[in-house]
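So the structure is just underneath, and the comments pick up after that.
Residue numbers (the numbering used here), protein chains in the order written: chain F, 1 to 437; chain Z, 1001 to 1162.
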């Protein structure tokens, strides 16, 4: 019940932000200046490097439509790509029929590497060789821009970055840019590692503190006394900051998911049998977050299609898994109360080379890298709105207008009504206005 | 669970093309108890913090595999302070932790417990006010057992410094 009342309070505050100006702690008068097109945005980085010939431009490729849930056209039957029989075929409209497809979309500049592709989408700025995978991005991320400029009251629980791997990806939740940083960052989780390693290292089945407000108040009293008698402050050296209330909500959510691991519920959450890969589990957990918090901004990525380097058949199987996962995400958004006014944006981090790399798999299919040729910069961008007839155009293909990866941040900012509040010079892209009715 | 662990291993392999963190193992030496907190000005790294907490509560060094597990958990969640709290919570409420029970038979015995806790956790003696306040708090809040008390002081700012 506390979670409900808390969310309600956050919602009321957010609602008020649409009409009321704020005096920020800095003294600056803040007002949410833009009109929102939607109250929630979910960005799916359909990442790992997706070649146009196996996605939006499949009619020119050799494998046919391997993404039938996303793109129009009958699914292809490919020897060795038998995952499709488990995942089935769409019974209703494809995502393309429900939304707007940008056919000419590019990661125009910078290296065609996974991290760079992600960083470009999430910062709205091309790296152009200025990439340091051991540090937070230099430019503000979408999460920080949202939390700082959309409304000062936005909770970190409203902003999530769900990544399917570790390495440099967790640090995309906030930047080192002056005036931004962890206080405006997103809550990040890499679910597979957290749930498996965390199950052993932080999960306590009989934790007496969870849910006991009275005991937590006593703890805060002792801790507060100790802090008052120590001269130095400690703020976590890194990481997003949640309030005490938010932490308790997070803790309960985490505990529920650990219990799901313990009971085996997480084994087959979609009733498909033994076909899950990391992308599907990552998407499943993103959906759990959507159902729990109805965040205004959530970004989730998939990367398992990168097996294309040396296992093209597995690449095609993983494409089908990712295709199904994106469809499942959209179904969840549509079926989750509180998410009625949502726009989903899906795009790959980058494409893959036109030419193979000479590595053949057991079916004689040649692998592909992503090393800056023209095709490795070609991606698609799909946008859908929950109320497709009022916001994002349905069954629309944008062929005659190029879009770029750096356009995602300004477009999301426009959807959520804070694009005019972002200081000039921070972003390189434009709003993808062609998608909107 | 097999599938789940297989996928975890796969994820770790995917991440393996990134620069690996070096393996850490901290060994703790005996230190002298000091009279005040004034000289504590060095912030523990998160790994040092976890290693020291383990040693304080279990009396021996954390194993490399357990530390690796904790580091992976730490890296995979954005709110680091929450992860740290959960780690300490797990340690404190473990059946194997060496936390003495509170002898509430007299004011002196409770004061002795507070004194011992400060020496063990903060590596110093409590001043008179600290000893009085915390003893009084424990005396009037019996639901605060020794584990809850240790969790409280180990998640306070002072424990982050040495």
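We treat Cβ as the ideally placed atom computed from N, Cα and C, and that holds for glycine.
Model, not experiment: these values are computed from the prediction.
- Item | Spatially closest choice to residue 317/F from 150/F, 279/F, 301/F and 331/F, by CA coordinates | Ranking 150/F, 279/F, 301/F and 331/F by Cα distance to residue 317/F puts 279/F first.
- Could you say which of 275/F, 353/F and 323/F lies nearest to residue 75/F if we only look at CA atoms? It is 323/F.
- Three-state secondary structure assigned by DSSP to residue 403/F: Three-state result, residue 403/F: strand.
- When you compare only the Cα positions, how much space is there between residue 70/F and residue 285/F? A straight-line Cα-Cα distance of about 21 Å links residue 70/F and residue 285/F.
- Item | residue 186/F: contacting residues in chain Z (beta-carbon distance under 8 Å) | What residue 186/F touches in chain Z: 1078.
- Considering residue 103/F, what are the terminal residues of the beta strand (DSSP E) in which it resides? Membership of residue 103/F in the beta strand (DSSP E) is indicated by the continuous run 100-106.
- Task: Give the secondary structure of residue 436/F by DSSP, where H, G and I count as helix, E and B as strand, and everything else as coil.
- Result: Here residue 436/F sits in strand by DSSP.
- Please report the residue range of the beta strand (DSSP E) in which residue 343/F lies. Membership of residue 343/F in the beta strand (DSSP E) is indicated by the continuous run 342-347.
- Task: Would you kindly work out how many angstroms separate the C-alpha atoms of residue 312/F and residue 368/F, rounded to a whole number?
- Result: C-alpha separation (whole angstroms): 8 Å.
- Task: Decide if residue 420/F is buried, meaning its Cβ has at least 16 other Cβ atoms within 10 Å, or exposed.
- Result: Its Cβ having fewer than 16 others within 10 Å, residue 420/F is exposed.
- Where does residue 349/F land, buried or exposed, given buried means 16+ other C-beta within 10 angstroms? When all chains shown are included, residue 349/F counts as buried.
- Query: CA-CA distance, residue 260/F and residue 193/F?
  - Reply: Near 15 Å, if we compare the C-alpha coordinates of residue 193/F and residue 260/F.
- Of all the options 96/F, 161/F, 125/F and 119/F, which has the alpha carbon lying nearest to the alpha carbon of residue 1079/Z? For the residues 96/F, 161/F, 125/F and 119/F, the minimum Cα distance to residue 1079/Z belongs to 161/F.
- Using the rule of at least 16 other Cβ atoms within 10 Å of the residue's Cβ for burial, across every protein chain shown, is residue 79/F buried or exposed? Residue 79/F comes out exposed.
- Item | residue 22/F versus residue 328/F - alpha carbon distance | Reliability fails at residue 22/F, whose pLDDT of 37 lies under 50, so the model's placement of it is uncertain and the value that follows must be treated cautiously. Looking at the backbone, the Cα of residue 22/F and that of residue 328/F are separated by about 39 Å.
- Partner residues on chain F for residue 1087/Z, Cβ-Cβ distance less than 8 Å: Chain-order list of chain F residues neighbouring residue 1087/Z: 201 and 202, by C-beta distance under 8 Å.
- Limits of the unbroken alpha helix (DSSP H) element including residue 160/F: Not the alpha helix (DSSP H): residue 160/F falls in the beta strand (DSSP E), residues 159-162.
- Ordered along the chain, which non-local residues of its own chain (more than five positions away) have a Cβ less than 7 Å from that of residue 56/F? 71, 101, 103 and 380, listed in sequence order.
- Message: So with CB distances below 8 Å, who are the chain F contacts of residue 1090/Z?
- Response: By Cβ distance, chain F contributes 201, 202, 203 and 204.
- Message: If the cut-off is 9 Å on Cβ atoms, which residues from the region 219-233 of chain F count as contacting chain C, listed in chain order?
- Response: The displayed structure is made up of protein chains F and Z, and chain C is not among them.
- Starting from residue 460/F and walking both ways along the beta strand (DSSP E), at which residues does that stretch end? The structure shown does not extend to residue 460/F, since chain F is modelled only from 1 through 437, so no value can be given for it.
- Message: Using a Cβ-Cβ cutoff of less than 6 Å, which residues in the same chain neighbour residue 1109/Z once the five nearest sequence positions on both sides are dropped?
- Response: Answer for residue 1109/Z: 1103, listed in chain order.
- Item | Contact under 7 Å by Cβ, residue 190/F with residue 1094/Z | In this structure, residue 190/F keeps its C-beta atom at 7 Å or more from the C-beta atom of residue 1094/Z.
- Query: With DSSP run on the structure shown, which of helix, strand or coil describes residue 136/F?
  - Reply: It is coil, neither helix nor strand.
- What is the rounded straight-line gap between the Cα of residue 436/F and the Cα of residue 364/F? C-alpha separation (whole angstroms): 44 Å.
- Message: In this structure, how does DSSP classify residue 189/F when only helix, strand and coil are distinguished?
- Response: Residue state, collapsed to three classes: strand.
- Query: So what does residue 302/F bridge to, in DSSP terms?
  - Reply: Beta-bridge pairing links residue 302/F to 46/F.
- Query: Is the CB of residue 320/F under 7 Å away from at least one CB in chain Z?
  - Reply: The beta carbon of residue 320/F does not come within 7 Å of any beta carbon belonging to chain Z, so the residue lies off that interface.
- Query: What number of angstroms, rounded off, separates the C-alpha of residue 1090/Z from the C-alpha of residue 205/F?
  - Reply: The alpha-carbon separation between residue 1090/Z and residue 205/F amounts to approximately 10 Å.
- Query: Which one of 1157/Z, 1129/Z, 1119/Z and 1133/Z has the shortest CA to CA distance from residue 1056/Z?
  - Reply: Sorting 1157/Z, 1129/Z, 1119/Z and 1133/Z by C-alpha distance to the C-alpha of residue 1056/Z places 1119/Z at the top.
- Residue-level contact to chain Z via CB, residue 272/F, 7 Å cutoff: No - not a single Cβ of chain Z is within 7 Å of the one on residue 272/F.
- Query: Under the rule that 16 or more other beta-carbon atoms within 10 Å means buried, what is residue 337/F, buried or exposed?
  - Reply: With fewer than 16 other Cβ atoms within 10 Å, it is exposed.
- Leaving aside the five residues before and after residue 172/F along the sequence, list all residues of the same chain whose C-beta is less than 7 Å from its C-beta, in chain order. So the qualifying residues of the chain are 118, 119, 122, 137, 141 and 161.
- Pull up the distance between the alpha-carbon of residue 263/F and that of residue 199/F, whole angstroms please. Here the C-alpha atom of residue 263/F lies approximately 12 Å from the C-alpha atom of residue 199/F.
- Message: Just list the residues that DSSP pairs residue 475/F with in beta bridges.
- Response: This structure cannot settle anything about residue 475/F, because the visible part of chain F is limited to 1 through 437.
- Message: Counting C-beta neighbours from all protein chains within 10 Å, is the total for residue 86/F 16 or more, i.e. buried, or is it exposed?
- Response: Within 10 angstroms of the beta-carbon of residue 86/F lie fewer than 16 other beta-carbons, which makes it exposed.
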